[in-house]
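So the sequences go chain by chain: Z and Y.
Position 104, counted from 1, in the first sequence is what this note's numbering calls 276; the numbers after and before it change by one each time, with no gaps.
Position 491, counted from 1, in the second sequence is what this note's numbering calls 663; the numbers after and before it change by one each time, with no gaps.
Virtual Cβ for every residue (Gly too), placed ideally from N, Cα, C.
The structure appears right after this line, and notes come after that.
There are 2 protein chains.
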Amino acid sequence: MWTYLPPLRDMRFVMDELLEVRRDWSQIPRFADLDADLVPQILDEAGKFAAAVLEPLNGPGDLEGCRLEAGAVRTPAGFGDAYRRFREAGWPSLACDPESGGQGLPQLLNVALYEMLNSTNHAWTMYSGISHGAYETLRAHASEFLKTTYLPKIVSGEALSSMCLTEPQAGSDLGLLRTRAEPLGDGSHAITGTKIFISGGDHDLTDNILHLVLARLPDAPVGTRGISLFLVPKRASDGGAPNGVRCDGIEKKMGIKGSATCVMSFDGSKGWLIGEPNRGLAAMFVMMNSARVMVGLQGLAHAEMAYQNALRYAAERIQSRAVTRPPTAGERHPSGAEPIVYQPAVRRTLLTLRAFVEGERALVLWCAHLLDLADSHPEPARRAEAHDLVSLLTPVVKAFCTDNGFALSSAALQLWGGYGYVHDYGIEQTVRDSRIAMIYEGTNEIQAVDLLVRKVIGDGGVKFGAIVEHVSAEADACENTQGCQAFGSALRAEHRALSRITAELVAESATAPEYAIRAAADFLRLVGLVVLGTLWARAARIAAAHGADPFYEAKRETAHFYFDHLLPEAQARREAVQRRDKALPWVDAPG
Amino acid sequence: MWTYLPPLRDMRFVMDELLEVRRDWSQIPRFADLDADLVPQILDEAGKFAAAVLEPLNGPGDLEGCRLEAGAVRTPAGFGDAYRRFREAGWPSLACDPESGGQGLPQLLNVALYEMLNSTNHAWTMYSGISHGAYETLRAHASEFLKTTYLPKIVSGEALSSMCLTEPQAGSDLGLLRTRAEPLGDGSHAITGTKIFISGGDHDLTDNILHLVLARLPDAPVGTRGISLFLVPKRASDGGAPNGVRCDGIEKKMGIKGSATCVMSFDGSKGWLIGEPNRGLAAMFVMMNSARVMVGLQGLAHAEMAYQNALRYAAERIQSRAVTRPPTAGERHPSGAEPIVYQPAVRRTLLTLRAFVEGERALVLWCAHLLDLADSHPEPARRAEAHDLVSLLTPVVKAFCTDNGFALSSAALQLWGGYGYVHDYGIEQTVRDSRIAMIYEGTNEIQAVDLLVRKVIGDGGVKFGAIVEHVSAEADACENTQGCQAFGSALRAEHRALSRITAELVAESATAPEYAIRAAADFLRLVGLVVLGTLWARAARIAAAHGADPFYEAKRETAHFYFDHLLPEAQARREAVQRRDKALPWVDAPG
């Protein structure tokens with residue numbers, strides 16, 4: 173009953189019509205000659221892999237979980253075999269450079285692939301999901317020796333990676349970390365310390381694991397300016413001797429139970445510096461945008477799975493009479509009861525899911541496309557423009573989509589009634605699995621401060637002007653499109669309000685340092701709602717040019733639903749942002 | 173680290189000052205002579221039992237879960253022993269009639285007891301939680317034979333009960349149920365059928381289990397008018413032969429894993445009619461209000477546990493610099509990092525939890541007190557008035573408090589960062605356990621329709637006038653209290669808006685049958701927010717008469733926080749209710 177239909181039609185719509193990616197690709201040498209048939213073929217194959225190989229392992233993997241046996245992590249049955257098939261099909265190399273053995277395809281396709289992997293098996297996808305970030309980090313900052321030795325292994329999928337950041341006393345505040353790196357005199361370092369919450373710190377999918385470890389060099393400055401990044405392999409060579417890297421435990425977690433979350437200890441483990449000494453955080457920043465987009469994607473992926481399964485269930489579940497019936501409804505069921513999809517509360521939930529899911533897909537794929545432009549466009553100005561825009565959108569994608577992923581999964585669960593609480597029906601696992609994405613890769617609270625304080629107020633709102641302008645441009649376009657004027661005037665109002673409120677925040681933060689931090693979460697949510705509004709308006713404009721095709725009719729209908737029922741939340745968020753003078757008292761610990 | 177401090181101070185505040193229950197008790201013969209010291213003693217003992225006996229079993233019970241072995245359910249280690257102690261302490265009889273062996277104390281105390289039980293171990297509390305409803309049903313509707321035989325066993329806790337309503341095809345729509353009851357000629361019936369989602373359908377806490385089973389008599393009318401209620405014991409007599417009642421399976425669930433959720437089959441099991449034939453739902457309605465208040469209470473109980481543990485953790489967890497520090501802060505930590513409780517996002521979460529938790533406690537205890545008045549006040553008019561009011565407040569308590577229980581637990585989890593996702597820290601279990609309360613005892617969507625369509629619009633808004641009047645009276649009182657005028661004017665605005673919107677709903681529902689159903693969830697949330705506003709205003713008025721006592725200062729501060737930051741949601745809910753002309757399209761199943 174819990175099944176997956178890859179949303180290929182909507183992905184093609186977003187890529188080809190909403191983002192018109194081929195127009196940009198035609199200007200990028202490595203993408204200019206991409207066969208028109210290749211993209212849908214790749215997406216189709218990815219969807220088949222997700223539905224046929226990963227989805228069947230999802231529920232059983234949750235029940236079985238991971239085990240730590242004699243210091244080695246055993247993943248759930250089937251996970252290793254699925255990874256072998258994933259690797260054999262060449263998926264790890266999809267968006268990597270040909271010079272490292274990659275296929276050189278757009279990151280956009282990799283993101284579409286990962287939406288489908290996360291929809292069907294978030295836990296399994298954790299293992300390979302870290303690889304692309306490690307690839308980007310090594311490509312940008314590693315020495316030739318490290319690149320030559322390790323990049324091909326990452327690209328081929330022969331080795332997987334882990335990101336070793338967190339320590340017990342250093343979570344959101346990495347400046348507090350204590351792991352040490354001692355020079356060994358041969359250009360390598362001995363790494364010693366304990367890391368926690370390491371996804372894929374150990375597993376049985378690959379023989380070697382390449383750990384990216386944050387540590388302090390001797391005499392490094394305190395705080396975040398004294399942190400360096402090292403590559404520490406599980407084995408110094410293929411099939412070689414252990415390197416003092418040990419998994420000391422795995423966590424019992426709320427969800428993603430098939431993903432091993434490890435306590436890792438490094439005991440004089442040999443490692444190599446990546447990038448400059450004490451510039452470890454900067455070296456990792458190169459992958460920050462794509463890594464956070466990938467986490468936002470998980471929120472979208474869970475909401476998609478919740479949506480399509482809830483819709484099927486609601487159409488089949490016969491329960492109670494409905495006050496009103498659709499004109500297309502057939503004869504009544506003998507009992508007088510009807511599919512619950514006729515019920516207003518059920519329709520509202522399903523439409524909310526659809527509007528957020530499809531809007532977020534447009535947003536996430538837009539970000540992925542911007543990452544490609546920032547990386548590969550021949551014109552420096554286009555690269556810089558894309559980079560600035562995706563840097564602003566990244567915290568929105570990460571926090572907005574993952575907050576929604578959890579909230580919408582829970583809303584969907586409600587449609588199953590008691591069945592929703594039972595493991596066999598799938599949705600309760602989605603709720604549990606989706607919860608982690610609000611926390612890792614920077615909590616959603618940190619995303620909000622990153623957006624408002626660092627990125628918007630940080631430059632006086634200058635770069636954020638591109639997003640404000642984007643809203644205004646879509647308002648113009650709607651006002652000039654038959655049937656879309658209502659979207660135009662609504663966006664015009666949102667544009668004015670967003671301009672005004674951003675200017676106020678920039679101005680007032682100068683004298684009230686806490687104000688922006690207090691307002692950050694509401695501001696991020698506001699931006700997410702308005703940006704989704706522009707994407708829905710654009711979808712409606714495109715759909716307006718089509719006739720009675722049900723796909724485009726649904727787009728128009730959902731755009732109206734979004735503007736009528738979901739975008740109004742923006743008003744409440746604005747008011748919350750503007751509640752500057754309302755006290756936020758200190759909270760005392762219990763006496 | 174996950175511990176429980178019973179909120180006794182706040183309970184006493186609500187009972188003695190906010191509700192002034194002793195003024196009403198003095199008019200009720202069975203409560204008039206209650207020793208002033210007895211109530212705090214009982215609450216203190218209840219808190220000790222919850223903290224010392226139940227809390228330590230909560231996490232382990234979740235990991236162990238229930239097992240079905242040779243047709244018998246085994247509960248987690250320690251559950252049986254805890255029940256023995258619970259029974260020996262006389263807790264099952266607390267609010268039962270002395271004539272059945274009860275202690276005759278107010279339901280108010282039972283509700284306070286159950287808040288503490290649910291805070292510390294929701295799963296364990298499921299077993300005994302059903303008993304009081306069974307007691308009320310038998311007391312109101314059962315024959316003298318059944319009362320004599322079974323009531324003392326329920327009151328003493330010798331036997332526990334289950335409620336057997338749901339069948340696979342009959343969840344929210346009980347009219348579809350198929351279990352049959354055949355007269356046996358001796359006044360008893362043979363019950364045959366399958367029930368699902370039966371909490372405590374089997375267990376090892378008591379030898380006998382008294383099942384209350386909905387079934388159809390021969391030739392019963394179809395639908396809900398053909399349903400009768402039967403008492404079907406697991407054993408026909410103490411230690412006696414089995415009665416054809418079998419547990420065919422237990423569910424793997426998201427949470428409350430220590431509570432056995434059973435598939436029960438009845439195979440010609442001997443049962444006795446409770447109440448009139450075909451009037452089974454009416455017989456169960458007698459316990460509907462108290463049962464739903466008890467579920468709303470679970471939402472409060474989880475939020476309380478989340479709140480107090482999050483507060484302790486936030487005060488201890490040192491991470492990052494804060495932009496502003498409280499005047500009472502001591503020297504900075506050597507690292508420069510500080511307790512996260514200084515962070516604005518953390519304070520907002522904690523204050524939100526505190527404001528909802530303490531407001532909901534006032535609401536739930538008010539309902540419990542109204543149940544006592546409806547049951548026991550000597551004046552029929554006072555009984556009727558209390559009954560009408562609690563009938564209106566019950567769906568609000570059930571849906572509002574359980575929606576909040578889940579949302580607030582999840583908000584609290586976020587404070588722990590990655591630790592929040594790990595079982596050892598307690599909060600992830602709270603999130604999972606709290607989710608069921610939004611579903612069972614009538615989904616929250618059904619509560620909303622019950623409130624707006626059946627209870628408000630059903631009588632043209634007449635009885636609901638008592639709640640509207642309650643808001644107005646509190647506005648009056650605040651306007652006449654020094655320092656509370658701001659609450660008064662805010663409540664005055666809420667009162668006017670609530671009156672107007674209710675009148676509109678009553679008027680428009682006559683011509684637009686779906687409108688009220690669509691608006692129901694937002695209306696219920698609106699009522700919850702406004703009612704909590706009146707209770708917070710009242711708390712602030714009481715606190716205004718006290719000096720610098722920290723308890724009352726916190727009440728004043730939290731009341732302001734509620735009005736400044738939480739009550740504004742009412743505006744968004746009103747606008748949603750009034751979005752009458754915005755389409756809510758039909759949703760098609762995937763092609």
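(Q) My output table needs one value for lysine 429 of chain Y: the three-state DSSP class, helix, strand or coil. (A) Start at 1 with the first residue of the second sequence, and residue 429 of chain Y comes out as number 257. Here lysine 429 of chain Y sits in coil by DSSP.
(Q) With a threshold of 8 Å between beta-carbons, can valine 703 of chain Z be considered close to chain Y, or not? (A) Start at 1 with the first residue of the first sequence, and residue 703 of chain Z comes out as number 531. So no, valine 703 of chain Z is outside the interface.
(Q) For chain Y, check one thing: does any of its Cβ atoms lie closer than 8 Å to the Cβ of histidine 737 of chain Z? (A) Sequence index remark: in the first sequence, residue 737 of chain Z carries index 565 (1-based). It does; some Cβ of chain Y falls within 8 Å.
Q: Could you spell out where the beta strand (DSSP E) holding histidine 361 of chain Z opens and where it closes?
A: On the first sequence, residue 361 of chain Z is found 189 positions in, with the first residue counted as 1. 361-371 is the span of the beta strand (DSSP E), which, as asked, contains histidine 361 of chain Z.
Q. What span of residues does the beta strand (DSSP E) with glycine 421 of chain Z cover, start to end?
A. Mapped onto the first sequence, residue 421 of chain Z falls at position 249. Glycine 421 of chain Z -> beta strand (DSSP E) spans 417-422.
Q.
Out of Z:Ala473, Z:Gly329, Z:Leu348, which one is the CA nearest neighbour of threonine 338 of chain Z?
A. Here residue 338 of chain Z corresponds to residue number 166 of the first sequence, with the count starting at 1. Per the Cα distances, Z:Leu348.
Q. Which whole-angstrom value is the C-beta distance of alanine 249 of chain Y and proline 178 of chain Y, which I expect to be below 8 Å?
A. Taking the first residue of the second sequence as position 1, residue 249 of chain Y is located at position 77. Taking the first residue of the second sequence as position 1, residue 178 of chain Y is located at position 6. At roughly 24 Å, the Cβ-Cβ gap does not stay under 8 Å, so alanine 249 of chain Y and proline 178 of chain Y are not in contact.
Q: Count the other CB atoms, across all protein chains shown, that sit within 10 Å of the CB of threonine 574 of chain Y; report buried if there are 16 or more and exposed otherwise.
A: The residue labelled residue 574 of chain Y in the question sits at position 402 within the second sequence. Buried, since its Cβ has 16 or more Cβ neighbours within 10 Å.
Q. Do you know whose CA, among Z:Leu445, Z:Leu280, Z:Val225, Z:Val394, lies nearest histidine 361 of chain Z's CA?
A. For this step, residue 361 of chain Z is matched to residue 189 along the first sequence. Ranking the options by Cα distance to histidine 361 of chain Z, first place goes to Z:Leu445.
(Q) Taking the beta carbon of valine 703 of chain Y as the centre, do at least 16 other beta carbons fall within 10 Å, making it buried, or is it exposed? (A) On the second sequence, position 531 is the one that residue 703 of chain Y refers to. Buried.
Q: Name the two residues that bound the continuous beta strand (DSSP E) containing glutamate 354 of chain Y.
A: Start at 1 with the first residue of the second sequence, and residue 354 of chain Y comes out as number 182. Segment 352-355, the beta strand (DSSP E) holding glutamate 354 of chain Y.
Q. Counting only beta-carbon atoms, is isoleucine 608 of chain Z nearer than 8 Å to chain Y?
A. By one-based count along the first sequence, residue 608 of chain Z stands at place 436. Yes, its Cβ sits closer than 8 Å to a Cβ of chain Y.
Q. Which runs of the alpha helix (DSSP H) fall wholly inside the segment 300-360 of chain Y and span at least 4 residues, in chain order?
A. 303-313, 316-328
Q) Does any residue of chain Y bring its CB to less than 8 Å from the CB of glutamine 750 of chain Z? A) By 1-based counting over the first sequence, the position of residue 750 of chain Z is 578. By this cut-off, glutamine 750 of chain Z is not an interface position.
(Q) Any beta carbon from chain Z within less than 8 Å of serine 371 of chain Y's own beta carbon? (A) Mapped onto the second sequence, residue 371 of chain Y falls at position 199. It does not: the Cβ of serine 371 of chain Y has no partner Cβ on chain Z nearer than 8 Å.
**Q.** cysteine 539 of chain Z (DSSP reduced to helix, strand or coil)
**A.** Counted from its first residue, the first sequence places residue 539 of chain Z at position 367. The answer is helix: DSSP assigns cysteine 539 of chain Z an H, G or I state.
Q) Is there a Cβ from chain Z that is less than 8 Å from the Cβ of tyrosine 593 of chain Y? A) Position 421 of the second sequence, counted from the start, is the residue given in the question as residue 593 of chain Y. Yes - at least one Cβ of chain Z is within 8 Å of the one on tyrosine 593 of chain Y.
Q. Going along chain Z, which residues have a C-beta under 8 Å from tyrosine 176 of chain Y?
A. Here residue 176 of chain Y refers to the residue found at position 4 when the second sequence is read from its first residue. Result: empty, since nearest Cβ-Cβ is about 12 Å, beyond 8 Å.
Q: Scan the segment 179-225 of chain Z and note each continuous alpha helix (DSSP H) run of 4 residues or more that stays entirely inside, going in chain order.
A: 180-184, 193-197, 201-204, 210-221
Q) Which residues mark the beginning and the end of the alpha helix (DSSP H) in which valine 640 of chain Z is found? A) Your numbering for residue 640 of chain Z matches position 468 in the first sequence. It spans 637-651 - the alpha helix (DSSP H) in which valine 640 of chain Z sits, taken as one unbroken run.
Q) What span of residues does the beta strand (DSSP E) with leucine 377 of chain Y cover, start to end? A) Residue mapping note: residue 377 of chain Y aligns to position 205 of the second sequence, counting from 1. Segment: none, leucine 377 of chain Y is in no beta strand (DSSP E) and carries neither H nor E.
Q.
Strictly below 9 Å CB to CB, what residues from chain Y border lysine 220 of chain Z?
A. Here residue 220 of chain Z refers to the residue found at position 48 of the first sequence. Those within 9 Å of lysine 220 of chain Z in chain Y number zero; the least Cβ separation is about 17 Å.
Q. With distances taken between CB atoms, is the gap from proline 201 of chain Y to glycine 273 of chain Y smaller than 8 Å?
A. Walking along the second sequence from the start, residue 201 of chain Y turns up at place 29. Walking along the second sequence from the start, residue 273 of chain Y turns up at place 101. No, the pair does not count as a contact, with Cβ atoms beyond the cut-off.
Q. What are the boundary residues of the alpha helix (DSSP H) that valine 749 of chain Z is part of?
A. Within the first sequence, residue 749 of chain Z is the residue found at index 577, counting from 1. That run of the alpha helix (DSSP H) goes 741-749.
**Q.** Cα-Cα separation between alanine 509 of chain Y and glutamate 686 of chain Z, rounded to whole angstroms
**A.** Position 337 of the second sequence, counted from the start, is the residue given in the question as residue 509 of chain Y. Position 514 of the first sequence, counted from the start, is the residue given in the question as residue 686 of chain Z. For alanine 509 of chain Y and glutamate 686 of chain Z, the distance between alpha carbons rounds to 17 Å.
Q. Buried or exposed: which applies to asparagine 652 of chain Y, given that a residue is buried once 16 or more other Cβ atoms fall within 10 Å of its Cβ?
A. Reading the second sequence from its first residue, position 480 is the one you call residue 652 of chain Y. Label assigned to asparagine 652 of chain Y: exposed.
Q) For the beta strand (DSSP E) that contains isoleucine 381 of chain Y, what are its first and last residues? A) The residue given as residue 381 of chain Y occupies position 209 in the second sequence. Counting along the chain, the beta strand (DSSP E) containing isoleucine 381 of chain Y begins and ends at 381-387.
Q: Could you check what DSSP says for isoleucine 608 of chain Z in three-state terms: helix, strand or coil?
A: Sequence index remark: in the first sequence, residue 608 of chain Z carries index 436 (1-based). The answer is helix: DSSP assigns isoleucine 608 of chain Z an H, G or I state.
Q.
Just to confirm my understanding: we take glycine 763 of chain Z, look at its own chain, exclude 5 residues before and 5 after, and list those with CB closer than 6 Å. What are they?
A. In the first sequence, counting from the first residue as 1, residue 763 of chain Z sits at position 591. Unreliable placement is indicated for glycine 763 of chain Z, whose pLDDT of 49 sits below 50; the coordinate value is still reported in the next sentence. For glycine 763 of chain Z, where only same-chain residues beyond five positions count, there are no Cβ hits under 6 Å.
(Q) Looking only at its chain, what residues have a beta carbon closer than 6 Å to the beta carbon of glycine 590 of chain Z, apart from the 5 residues adjacent to it on each side? (A) By 1-based counting over the first sequence, the position of residue 590 of chain Z is 418. No residues qualify anywhere along the chain.
Q | C-alpha distance - alanine 579 of chain Y paired with arginine 607 of chain Z, whole-angstrom precision | A | Against the second sequence, residue 579 of chain Y aligns to sequence position 407. Against the first sequence, residue 607 of chain Z aligns to sequence position 435. Going from the Cα of alanine 579 of chain Y to the Cα of arginine 607 of chain Z covers about 12 Å.
Q: State the start and end residues of the unbroken beta strand (DSSP E) segment that holds valine 569 of chain Y.
A: By one-based count along the second sequence, residue 569 of chain Y stands at place 397. First-last for valine 569 of chain Y: 552-587, but that is the alpha helix (DSSP H), not the beta strand (DSSP E).
**Q.** Three-state secondary structure assigned by DSSP to alanine 755 of chain Y
**A.** Numbered from 1 along the second sequence, position 583 holds the residue referred to as residue 755 of chain Y. Coil at alanine 755 of chain Y, not helix or strand.
Q) So, helix, strand or coil for serine 492 of chain Y, using DSSP? A) One-based indexing of the second sequence puts residue 492 of chain Y at position 320. Serine 492 of chain Y: coil per DSSP, three-state reduction.
**Q.** Residue span of the alpha helix (DSSP H) that contains alanine 726 of chain Z, given as start and end
**A.** On the first sequence, position 554 is the one that residue 726 of chain Z refers to. From DSSP, the alpha helix (DSSP H) with alanine 726 of chain Z extends over 722-733.
Q: Report yes if the C-beta distance between valine 283 of chain Z and leucine 537 of chain Z is below 8 Å; otherwise report no.
A: Within the first sequence, residue 283 of chain Z is the residue found at index 111, counting from 1. Within the first sequence, residue 537 of chain Z is the residue found at index 365, counting from 1. Yes.
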